[in-house]
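Chemist: Pasting a structure here, questions to come.
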Amino acid sequence: MSSQRKAGAVTLTTLQKLAEQGEKFACLTAYDACLAALASRAGVELLLVGDSLGMVLQGHDSTLPVTMADMIYHMHCVRRGNEGALLMGDMPFMSYASESQTLENAAALMRAGAQLIKLEGGAWIANSTRLLAERGIPVCAHMGLTPQSVNRIGGFHVQGRDTSQAQQIIEEAQVLERSGASLLLLECVPAELAARITELLGIPVIGIGAGPDTNGQIMVLHDALGISPITPKFVKNFLPESTDGIPGALAAYVDAVKQGRFPGPEHCFH
Ligand code: KIV
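Counting in my numbering, the sequence shown runs from 3 upward without gaps.
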């Protein structure tokens with residue numbers, strides 16, 4: 003397990019270079035200092051303070067109740083523990099509904115320690131993406147299954163299974179890249195669609211439930227340790243194969259992503 007990385011060592015340029023060289027990178031969520039330290043020491047390139055904390059830590063059945071105050075609190079915690087991974091913060095539900103709100107809330111997350119922020123949505127977040135990118139705040143666009151829209155989508159379902167929806171996701175991903183997005187995260191889409199988008203875009207693409215062909219993979223840390231109440235098809239518990247407890251499991255996750263052993267065929271949608 004690598005524990006030598008200096009604070010701030012991973013940047014967007016690192017991810018871009020890895021993607022260009024065809025090397026996979028590993029990402030995990032983190033919500034507290036202790037697990038952020040273990041994950042970053044395990045060699046994870048990117049830590050996401052995700053609004054999944056609403057479900058994982060707070061016990062809600064969706065991410066909708068999560069507030070900016072929650073995000074800022076957990077960002078401070080993770081920042082203190084992080085040992086050099088790139089730190090991404092989620093903008094929670096309705097925190098980027100207007101231009102002024104978007105700028106104010108993104109700035110607050112950056113001041114708390116985020117180095118880039120994640121917005122859920124398709125073409126409709128193009129304006130916010132441009133606004134932030136022009137002001138020096140890098141944006142990761144989150145497409146496919148966007149949990150903040152669970153009520154509109156009608157559940158946590160795979161997205162982009164039919165041709166017209168897949169085509170729409172491709173086109174909107176291209177719009178977001180042109181609007182200045184630095185990263186794209188695809189959640190729960192068919193592996194073939196994620197592979198096509200990764201091929202088409204110049205920015206690194208991170209997948210969760212999106213097959214093996216994206217440039218990076220992300221998982222909810224509690225899923226990687228098998229301690230989440232629900233276990234979707236696309237997650238894997240790395241703890242049983244560890245001979246070194248949680249640090250070993252996180253190192254096994256990083257290794258499996260980098261060697262292309264995770265996700266396997268059993269974790270993919272088609
Ligand atoms: O909030 C989160 O943790 C996420 C991941 C599931 C990618 O968006």
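Where is the CB? At the ideal position from N, CA and C, for every residue including glycine. Since we're looking at a predicted model, the values are computed, not measured.
By Cβ distance below 6 Å, which residues in the same chain neighbour V152 in space, the five residues on each side in sequence not counted?
Modeler: S64.
Chemist: Could you give the residue range of the alpha helix (DSSP H) that holds A11?
Modeler: Note, A11: premise wrong, no alpha helix (DSSP H); not H, not E.
Chemist: With 16 other CB atoms within 10 Å as the buried threshold, where does C190 fall?
Modeler: When all chains shown are included, C190 counts as buried.
Chemist: For L118, which three-state DSSP category applies?
Modeler: Of the three classes helix, strand and coil, the one that applies to L118 here is strand, per DSSP.
Chemist: Looking at the ligand KIV, does it come within less than 6 Å of G146, judged from the CB to the closest heavy atom?
Modeler: Incorrect: G146 has no Cβ contact closer than 6 Å to the ligand KIV.
Chemist: On the three-pair Cβ rule with 8 Å, is the stretch 72 to 83 touching the stretch 121 to 131?
Modeler: The stretch 72 to 83 is not in contact with the stretch 121 to 131.
Chemist: Assuming F236 contacts A226 (C-beta within less than 8 Å), just tell me the rounded distance between them.
Modeler: Contact flag wrong, Cβ pair sits at about 12 Å.
Chemist: Just confirm the distance between the C-beta atoms of L223 and A41, as a whole number of angstroms; I'd bet it's less than 8 Å.
Modeler: Rounded, the Cβ-Cβ distance is 6 Å, consistent with contact.
Chemist: Considering only DSSP beta bridges, list what D72 is partnered with.
Modeler: None, per the DSSP bridge assignment.
Chemist: Flag this pair as yes or no: are the beta carbons of A28 and V259 separated by less than 7 Å?
Modeler: It is a contact, given that the beta carbons lie within the stated cut-off.
Chemist: Between D92 and the rest of its own chain, which residues show a CB-CB distance below 6 Å, the 5 nearest in sequence each way excluded?
Modeler: G52, D53, K120, listed in sequence order.
Chemist: Taking 6 Å as the line, does the beta carbon of T31 fall inside it for any heavy atom of the ligand KIV?
Modeler: Yes.
Chemist: Going by DSSP, name the residue or residues bridged to C142.
Modeler: Bridge partners of C142: K120, L185.
Chemist: List the endpoints of the continuous alpha helix (DSSP H) containing I199.
Modeler: Its alpha helix (DSSP H) spans residues 193 to 202.
Chemist: By the DSSP assignment, the alpha helix (DSSP H) with T31 in it spans what residues?
Modeler: First-last for T31: 27 to 31, but that is the beta strand (DSSP E), not the alpha helix (DSSP H).
Chemist: Verify whether the separation of the beta carbon atoms of A32 and L49 is less than 7 Å.
Modeler: Against a cut-off of 7 Å, the Cβ pair of L49 and A32 comes out as a contact.
Chemist: Using 8 Å as the cut-off, can you tell me whether the stretch 122 to 141 makes contact with the stretch 159 to 166, which would need three or more C-beta pairs spanning the two stretches below that distance?
Modeler: Cβ pair count under 8 Å is below three, so no.
Chemist: Let me make sure I understand the geometry here. Which of F271, E106, G182 has the alpha-carbon closest to that of A143?
Modeler: The shortest Cα separation from A143 among F271, E106, G182 belongs to G182.
Chemist: Helix, strand or coil for Q169 per DSSP?
Modeler: In this structure, Q169 counts as helix in the three-state DSSP scheme.
Chemist: Go through its chain and collect everything with a Cβ distance to N107's Cβ below 7 Å, but skip five positions before and after it.
Modeler: The residues are M70, M93, S97, Y98.
Chemist: Using C-beta distances below 7 Å, list every residue in its chain close to Q103, excluding the 5 sequence neighbours before and after it, in chain order.
Modeler: Closer than 7 Å at the Cβ level, and outside the excluded window around Q103, lie S97.
Chemist: Just confirm the distance between the C-beta atoms of G146 and A212, as a whole number of angstroms; I'd bet it's less than 8 Å.
Modeler: So it is a contact: roughly 7 Å between Cβ atoms.
Chemist: Bridge partners for G219 per DSSP, in chain order?
Modeler: Note on identity: in this sequence residue 219 is Gln, with Gly being the wrong assignment. Q219 is bridged to A28, G209.
Chemist: Return the chain-ordered list of same chain residues with a C-beta closer than 8 Å to the C-beta of I155, the five sequence neighbours on each side being excluded.
Modeler: Correct list, in chain order: L147, T148, Q161.
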